[in-house]
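Accompanying notes for the structure given below.
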Amino acid sequence: MRFLLAALPALALLTTAAAPPAPTFDALRFFNGKTEGKGRFKVVLRAGHDVHVQGHGRMEGDTLILDQIVTREGTAPKPRQWRIREVSPGRYTGTLTDAKGAITGETTGDRLHLAFTSTGGFKVEQWLTLAADGRSAQNRLTAKKFGITVATLDETIRKLD
Numbered sequence: 092m093r094f095l096l097a098a099l100p101a102l103a104l105l106t107t108a109a110a111p112p113a114p115t116f117d118a119l120r121f122f123n124g125k126t127e128g129k130g131r132f133k134v135v136l137r138a139g140h141d142v143h144v145q146g147h148g149r150m151e152g153d154t155l156i157l158d159q160i161v162t163r164e165g166t167a168p169k170p171r172q173w174r175i176r177e178v179s180p181g182r183y184t185g186t187l188t189d190a191k192g193a194i195t196g197e198t199t200g201d202r203l204h205l206a207f208t209s210t211g212g213f214k215v216e217q218w219l220t221l222a223a224d225g226r227s228a229q230n231r232l233t234a235k236k237f238g239i240t241v242a243t244l245d246e247t248i249r250k251l252d
């Protein structure tokens, strides 16, 4: 019994040490520099297709300018630009060439949630989860029309520098 009582504090320390805290998702830091995304885009009632995104982010004052080239399987590459700034700790606002109006973002721990309305009128949400090493993120995008999911994207984004 004494052994068990003596071992409990040590066991608690091992449990605490075994679970390092998840990194905090800092969108401006993650997307500053070169990134690459590879994923699969699926529109309802259609076959999915591969998507490749090359990104280059740079800071201008307090705003991240993220230029991307999006290549969808079977289509010509298309440029787009994000402009994102942090308005308070973990809260973002900005613009996107594919969006109508402002985009909003919020981080909670290792997750970043982005929301906007596309130029086609779709309500788009993205949930990005930062990997433990801070060098990649999983991106899950959903696009809805009249509350019904009409398209999804599952993508892995990696920092290249």
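Residue numbering for the sequence shown follows this note's numbering, beginning at 92 and increasing consecutively.
The C-beta atom is built at its ideal place from N, Cα and C for all residues, glycine as well.
Here residue 237 carries a coil assignment [DSSP, helix/strand/coil].
Taking the Cβ atoms as the reference, residue 210 lies roughly 15 Å from residue 235, outside the contact range of under 8 Å.
Shortest Cα-Cα distance from residue 215 to any of 225, 240 and 159 involves 240. In this structure, 183 is the residue among 183, 188 and 212 with its C-alpha nearest to the C-alpha of residue 203. Burial check for residue 251: the Cβ neighbour count within 10 Å stays below 16, so the residue is exposed. C-alpha of residue 149 to C-alpha of residue 133: approximately 30 Å in a straight line.
Residue 137 and residue 242 have their alpha carbons spaced roughly 10 Å apart.
Taking C-beta atoms as the reference points, residue 175 and residue 168 fail to come closer than 8 Å.
Residue environment: residue 121 is assigned as buried (16 or more neighbouring CB atoms within 10 Å of its CB, all protein chains considered).
In summary, residue 178 is exposed, with fewer than 16 beta-carbon neighbours lying within 10 Å of its beta-carbon over all protein chains present. Under the DSSP assignment, residue 120 falls outside any beta strand (DSSP E), being part of the alpha helix (DSSP H) whose first and last residues are 118-122.
Within the same chain, and ignoring the five residues on either side of residue 225 in sequence, the residues whose Cβ sits closer than 7 Å to its Cβ are 114.
Going by beta carbons, residue 194 and residue 185 fall inside the 8 Å limit. The alpha-carbon separation between residue 187 and residue 144 amounts to approximately 15 Å. Per DSSP, the beta bridge partners of residue 131 are 141 and 245. Residue state for residue 158 is assigned as strand, using DSSP reduced to three classes.
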